[in-house]
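Some notes on the structure that comes next.
Here you go:
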C-alpha cells in the first residue's frame with residue numbers, strides 16, 4: 001500500500017465508515033450517547049467539561065482510547081486548517097453525525113465533537129505538549145514534502 005495510491009479523502013472516508021460500523025458506536029449505545037448530547041446542553045462550561053470527563057470515564061477502555069486518539073487527531077488536523085481547510089467547524093460537521101451515528105439533522109452531536117476538540121486537554125487530561133507535538137511534527141513533514149515535491153505549475 002503506497003501513500004500515492006490513496007487520497008486524504010479516501011482515508012477519511014474509510015475512517016468515517018469504520019466509526020459508523022462500530023457496534024453501538026464509540027459512545028456505547030443510544031442511552032449513553034444521549035447522555036453526551038444532554039451534557040452539551042449544560043450552560044456552565046466547567047460543569048460541562050466535568051460531565052464530559054465523567055461520561056468519558058464510563059466508556060469501555062477501548063472506546064475511551066479510540067475517542068481520545070480520534071479527537072487528538074482532529075485537534076492536529078484543525079491546527080493545520082490553513083493548509084487543509086479542515087477548520088473546527090468542518091470537522092464537527094463531518095464527525096458529529098459519524099460518531100453519534102445520526103443523519104446529521106440534529107446538530108447536538110456536532111456540538112459535542114466541537115467541544116471535545118476545543119477542550120481536549122481538559123477533558124482527556126492531555127498536556128498541551130501532547131497536543132502540540134504532533135502538529136509541529138506534521139508541519140515539519142509538510143515543509144519537507146513541499147521542498148522535495150514542489151507543486152507543478
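Numbering (full-length UniProt numbering), first residue to last: 1 to 153.
Glycine included, C-beta positions come from ideal geometry on N, C-alpha and C.
Everything numeric in this text was worked out from a predicted model, so none of it was measured.
Whose C-beta lies closer than 6 Å to the C-beta of residue i among residues of the same chain, with five residues either side of it excluded?
{"i": "residue 100", "result": "33, 109"}
Excluding sequence positions up to five away, which residues of its chain have a Cβ less than 8 Å from the Cβ of residue i?
{"i": "residue 117", "result": "71, 74, 75, 78, 88, 91, 92"}
{"i": "residue 20", "result": "98, 101"}
Taking 7 Å as the limit between beta carbons, can you name the residues of its chain near residue i, skipping five residues before and five after?
{"i": "residue 39", "result": "48, 51, 52, 55"}
{"i": "residue 66", "result": "26"}
Q.
Could you check whether the region 34-46 touches the region 80-90, counting it as contact only if at least three pairs of C-beta atoms, one from each stretch, sit closer than 8 Å?
A. Short answer: they don't touch.
Q: Go through the UniProt domain "Rho-GAP" (1-124) residue by residue and report every complete run of the alpha helix (DSSP H) that reaches 4 residues or more, in order.
A: Counting only unbroken stretches of 4 or more residues, the alpha helix (DSSP H) elements lying wholly within the UniProt domain "Rho-GAP" (1-124) are 8-21, 30-40, 45-58, 61-79, 81-84, 88-100, 108-118, 120-124, in sequence order.
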